[in-house]
Amino acid sequence: MANEPASSAPTNPLLVFLSRLWRSINVPLIAILLALTIGGLILILSSANPFAAYFALFKGAFGSLTSFGRTLEKATPLILGGLAVAFAFKAGLFNIGGQGQLVFGAIVSAYLGYSLTGLPFPLHMLIALLGGALVGGLYGAIPGALKTYTGAHEVITTIMLNFIALNITDYLSNGPWKDTGIVARTPAVLSSAAIPRIGQIPFGFFVAVLIAVLTWYLLYRTTIGFEIRTVGFNPHAAKYAGIKVSRTVILTMIISGFMAGMGGAIETLGVVGRYQPGFNAGLGFDGITIALLAQTNPLGVIPAAILVGAMQAGSSQMQFDARVPSQIIDVIQALILFFVSADAIVRWILRSRKTDEDKVTLSTGWGKS
Amino acid sequence: MQAAGGLDKQFNKAMLWYWGRRGVALALVLLIFYSYWQNPQLTTGMLNAMLRQSTPLVLGALCGMLGERSGIINIGIEGQMLLAAFVGFMVAATTRSLIAGVVAGVLMGAILGLFLAFMAVSLKMDQIIGGTVINILALGLTSFFYQANQTIPGKLPIISLGPLADIPLIGSVLFRNPPITYLALILVFVVHYALFYTRWGLRTRAVGEHPRAADTVGINVYRLRYMNVIIGGAMAGVAGVFLSLESVGSFERAMTNGRGFVALAVMIFGRWTPLGAWGAALLFGFANALQTQLQFGGSLQIPYQFIGMLPYVLTIVVLAGFVGRSRPPAAVGQPYETE
């Protein structure tokens, strides 16, 4: 029995797997519970019954096949928005510009979807989808280039670019790309460009999951991914090791913007069917919560996005059944973001220490690039 | 020889900067007088709008500056302003007292400053994430608790400073303003004095540049950072109640409209100094005033959306042009650990 490990660490592969799984999800899980608890206290303060509210929320998100389909539908752009933020985090970049990249992706895909005629179904859809994503990527390249060449911090430039994108898309959908009629919106996309549904489940959801898996592969199994992670870990060391830091930063922002743009394109082609102002406002912030809830892991983004998507899908039921304003969802999301980032609190509750594996390099300070 | 040449170059650059600034200032003053001579009403109106539009920006910049000078990035100014604007409005609406609203809003800003300090100093969270938490929380809380059909008893009134207000041009621009606009001007000079001529200012700058060294000589780094971020939050609160109680007279969802972020650009453009930030805020205030003028003056045929994005484009241009050339406090963004 000398070969047996001295510690009490489990050797059974299943137990090893379970303990690893627990280690990777314990912080997000406790964070969610704490956020729901405080959200419940706020509900009590505003004289509502938190149990009734959360029950209605759950029912609205998972109660039937239709509502589950809606949860996945809401989760689809959230997966891509979360991936956009998580992916940029890997290179030490904080992309708050998901909103701007997304609305550009949305409006361009709508434009391609209604203006190109005579193309057969899957081809037209692919062109509209990729066209939207590509423009999102190009819009993401701007803050990347500004950061590398001028040192302007991406947090401010991406937020400013969000406002600029809102103005430009507002102009386009109320000007040159406007539908006939008085409502400011583009014409509906043609059926040859629409993303279909499989029963209750939107096909776009599978595309988003596929992108998440591809992102994981890109980050952990390719040279580019290694370079991106190295730049995020320590840009000076990366430079010393011969990695072209500025090229990597811009490339990361292009890919990040591409994913956000695709989120907008899928939502446009699969759900809304056209572009209109006010499209999916707030997704940029949702992406931050999701990325950090997933501890910036591309595969973890999927369950995190489903969770947030479920809250969004169930919020109208909650408003209807329990008479609770649906905006409580935003408060709970902010609290989740707080507890998941303030992992010192959660780890104190769990009495667990931070290991090197858990450390996530996030943003860099001003002007240091 | 080479070293001397370098010094020479540096000297020339400094001279150019010195006289260049004075030249620009003189040209601006002449331009203002010329346009006043041409159209007094429009000129006074524009300058007035510029000053008032710059008020929340300079207050936000002072908030950011107090934090960053002591080593804490505050990206949550937007949220601090928004929640303060909301609380100030709600308290004014329920108590029917504008003064109570102002006090409550400023207090709210200070509490959010405390929250940011708790996250950044005590929990050693990523400071940019900490600020983002405040921004998202403020947006959610204000939408959740918002009630339509609330009104406040008027807006903070304009106070004319006696005979000073009767001076042509200068009087009506500088001495005929509502209270928070005056307060912002006073705060610019107070913070300037405090930052560069008091013991607190010296300590703040030391903590922002080299917290370890400051700690060694007995400065309590944590306490100072807490204090600065809380005072900064109060100033963001002043900016918030400016929006809801002095400028607009009501509360609207997300009414800060990115001003908290623009304020950070103003701070950087002003090289982390109060007077510089004031100048930068006036520039942005002018862009805003111009935007309003173009939008409603109706003399130009440009879609309003393009005019509407002027301040945001200006922010990016300023950041791109100046962030590399001005140096932030060395320890900004880094949590400090006592030994």
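Here the protein sequences come in this chain order: A and B.
Going by this note's numbering, the first residue of the first sequence is number 1, and it counts up by one from there.
Going by this note's numbering, the first residue of the second sequence is number 370, and it counts up by one from there.
From the three backbone atoms N, C-alpha and C, an ideal C-beta is built for every residue, glycine too.
Please read these numbers as outputs of a predicted model, since none were measured by experiment.
The C-beta distance from Thr550(B) to Leu420(B) rounds to 6 Å, short enough to fall under 8 Å. Residues of chain A with a Cβ closer than 7 Å to the Cβ of Met678(B) are, in chain order, Phe163, Ile164, Asn167. The distance from the Cβ of Ala623(B) to that of Val635(B) is about 20 Å, inconsistent with a contact at the 8 Å cut-off.
Secondary structure of Arg274(A) (DSSP, three-state): coil. Using a Cβ-Cβ cut-off of 8 Å, Gly509(B) counts as an interface residue toward chain A, since at least one Cβ of chain A sits closer than that to its own. With a 10 Å radius around the Cβ and a threshold of 16 neighbouring Cβ atoms, Lys74(A) comes out buried. For Phe558(B), no CB of chain A lies under 8 Å from its own CB, so it is not counted at the interface with that chain. Using a Cβ-Cβ cut-off of 8 Å, Val27(A) does not count as an interface residue toward chain B, since no Cβ of chain B sits closer than that to its own. By the rule that beta-carbons nearer than 8 Å mark a contact, Tyr405(B) does not touch chain A. Residues of the region 73 to 103 of chain A that bring their beta carbon within less than 8 Å of a beta carbon in chain B comprise Phe94, Ile96, in sequence order. If you ignore the 5 residues before and after Ala310(A), its C-beta comes within less than 6 Å of the C-beta of Ala61, Thr71, all in its own chain and listed in chain order. Beyond the five residues adjoining it in sequence on each side, Ile497(B) comes within less than 8 Å, by CB distance, of Ile442, Ile444, Gly702 in the same chain, given in chain order.
Using a 10 angstroms sphere on the CB of Phe620(B), the tally of other CB atoms reaches 16 or more, which defines it as buried. In this chain, the alpha helix (DSSP H) harbouring Tyr139(A) covers 121 to 150. Of the candidates Ala241(A), Ile32(A), Ile228(A), Met259(A), Ile228(A) places its Cα closest to the Cα of Arg247(A). Proximity of Tyr54(A) to chain B, defined by a Cβ-Cβ separation below 8 Å, is not satisfied.
In its chain, beyond the 5 residues on either side, Tyr591 have a beta carbon closer than 8 Å to the beta carbon of Ser491(B). Taking 8 Å as the cut-off, the beta carbon of Met434(B) is found no closer than this to the beta carbon of Ala656(B).
Shown here, Ile528(B) sits in a strand according to DSSP, grouped into three states. In the displayed model, Pro325(A) falls within coil according to three-state DSSP, outside both helix and strand. In terms of Cβ geometry, Arg581(B) and Arg438(B) do not form a close pair [threshold 8 Å].
Residues Val346, Ile349, Leu350 of the same chain have their beta carbon placed closer than 7 Å to that of Ile30(A), with the five preceding and five following residues left out of the count. For Thr289(A), the enclosing alpha helix (DSSP H) starts and ends at 283 to 293. For Leu633(B), the neighbours in chain A by C-beta distance under 7 Å run, in chain order, Ile156.
Using a Cβ-Cβ cut-off of 8 Å, Ser341(A) counts as an interface residue toward chain B, since at least one Cβ of chain B sits closer than that to its own. Nearest CB-CB separation between Pro672(B) and chain A: below the 8 Å threshold.
Scanning its chain for C-beta atoms nearer than 8 Å, with the 5 sequence neighbours on each side dropped, one finds around Phe203(A) the residues Ile195, Pro196, Arg197, Gly270, in chain order. Sorting Leu506(B), Gly677(B), Phe513(B) by C-alpha distance to the C-alpha of Leu335(A) places Leu506(B) at the top. DSSP, read as helix, strand or coil, puts Ile44(A) in helix. Taking 8 Å as the cut-off, the Cβ atoms of Ala208(A) and Met125(A) do not count as close. The CB of Met488(B) comes closer than 7 Å to the CB of Ala342 in chain A, given here in chain order. Per DSSP, the beta bridge partners of Asn546(B) are Ile528(B).
DSSP, reduced to helix, strand and coil, places Ile159(A) within a helical segment of the structure shown. Residue nearest to Val472(B) within the set Leu556(B), Val456(B), Ile555(B) is Val456(B) (criterion: CA-CA distance). Contacts with chain B at 8 Å (Cβ-Cβ) include Pro325(A). For Tyr171(A), the residues of chain B that pass the 8 Å Cβ criterion are Pro672, Gln674, Phe675, in the order they occur in the chain.
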